[in-house]
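Notes to accompany the following structure.
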Amino acid sequence: MRGRFISLEGPEGCGKSTQAGLLAAYLREHGLTVRMTREPGGTPTGEMIREILQHHASGEDISPEAEVLLFAASRAQHVARVIRPALERGEWVICDRFVDSSLAYQGAARGMGIETVLAANEVALGGLWPDVTLWFDLPVDVALTRVLSRGADADRFESETRAFHQKVAEGYRELAKRFPERIVRVDAGGNIDGVEKIVRTRLDPLLETL
Ligand code: TYD
0 MRGRFISLEG
10 PEGCGKSTQA
20 GLLAAYLREH
30 GLTVRMTREP
40 GGTPTGEMIR
50 EILQHHASGE
60 DISPEAEVLL
70 FAASRAQHVA
80 RVIRPALERG
90 EWVICDRFVD
100 SSLAYQGAAR
110 GMGIETVLAA
120 NEVALGGLWP
130 DVTLWFDLPV
140 DVALTRVLSR
150 GADADRFESE
160 TRAFHQKVAE
170 GYRELAKRFP
180 ERIVRVDAGG
190 NIDGVEKIVR
200 TRLDPLLETL
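Just so you know, numbering that gives the first Met the number 0 puts 123 at position 124 of the sequence shown, and the rest follows in order with no gaps.
What follows is the structure in structure tokens.
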């Protein structure tokens, strides 16, 4: 039986990476084989593209169009070499960020438009969409405070303006309206245990399909 594909989305600081680990443990308790992965990255080629996108050693300004296509190239490799084969083997895939990150960051926040970014991703996805997308929703100020308190060097996206992050948040809201069957909102404002409980409740319908 084909596995299930779950993507985790939200702003920086929303706690989705912590929840990805907890969710994997929960699914394994149900006897499932879980494959955890992330974007950008997820394959050796994808990790190289991730370096270009995040730290950008050349100092050259990346055009918004090139940015969309670099993310899409990384995703194409990830879908073809990791995600699709794992699903075909019957594994459950948890992916920390997927196509909705491109739609929210490049489409909404960078201003390329959701339609353009969808079109750019069609080849990468080859029709493969997540079964469920957990959207960790958190007010922008709370998310930014959490990121700053981490104290690590900010990468290219984390150091964007507050207005940019506001547009990312609006982008996710719009996507949730556009894909109501797939995208499920998780209020990410609580503590780790509280958010974990919400995640479990949201996923129970998917587990019942087994
Ligand atoms: P990273 O530190 O890997 O992730 P996170 O914030 O999830 O801990 O940063 C990835 C950054 O790349 C993040 O700011 C979102 C951005 N991004 C896009 O702009 N478009 C995309 O398609 C993806 C996958 C990520």
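C-beta: ideal position from N, C-alpha, C; glycine also.
Residue i Cβ short of 8 Å to ligand 1 heavy atom set
{"i": "Gly39", "result": "Per the sequence shown, residue 39 should be read as Pro rather than Gly. Yes; taking the cut-off as 8 Å, the Cβ of Pro39 has a heavy atom of ligand 1 nearer than that."}
{"i": "Phe156", "result": "yes"}
{"i": "Gln76", "result": "no"}
{"i": "Gln277", "result": "In the structure as shown, the chain starts at 0 and stops at 209, and residue 277 therefore has no counterpart that could be examined."}
{"i": "Glu11", "result": "yes"}
{"i": "Arg49", "result": "yes"}
{"i": "Tyr171", "result": "no"}
Same chain only: Cβ atoms within 8 Å of residue i, ignoring 5 sequence neighbours per side
{"i": "Val122", "result": "Ala71 and Ala75"}
{"i": "Ala43", "result": "Checking the sequence shown, residue 43 turns out to be Pro, not Ala. Here the set comprises nothing."}
{"i": "Leu205", "result": "Arg3, Ile5, Asp130 and Val131"}
{"i": "His164", "result": "Pro10, Glu11, Ala108, Val139, Ala142 and Leu143"}
First and last residue of the uninterrupted beta strand (DSSP E) at residue i
{"i": "Thr200", "result": "No beta strand (DSSP E) contains Thr200, which is instead part of the alpha helix (DSSP H) from Ile191 to Leu206."}
{"i": "Thr36", "result": "Val33 to Arg37"}
{"i": "Leu7", "result": "Phe4 to Glu8"}
{"i": "Arg184", "result": "Ile182 to Asp186"}
Same chain, Cβ closer than 7 Å to residue i, neighbours up to 5 away in sequence not counted
{"i": "Arg199", "result": "Tyr25"}
{"i": "Ala19", "result": "Leu7, Met35, Ile93 and Asp95"}
Span of the alpha helix (DSSP H) around residue i
{"i": "Arg49", "result": "Pro43 to Gln53"}
{"i": "Tyr104", "result": "Premise fails: Tyr104 is in no alpha helix (DSSP H) and is neither H nor E."}
{"i": "Arg27", "result": "Lys15 to Glu28"}
Can you list the beta strand (DSSP E) stretches of 3 or more residues lying completely in the stretch 107 to 169, in chain order? 131 to 136
Only counting runs of 4 or more residues, tell me where the alpha helix (DSSP H) segments fall wholly within the stretch 58 to 92, in order along the chain. 63 to 77 and 83 to 87
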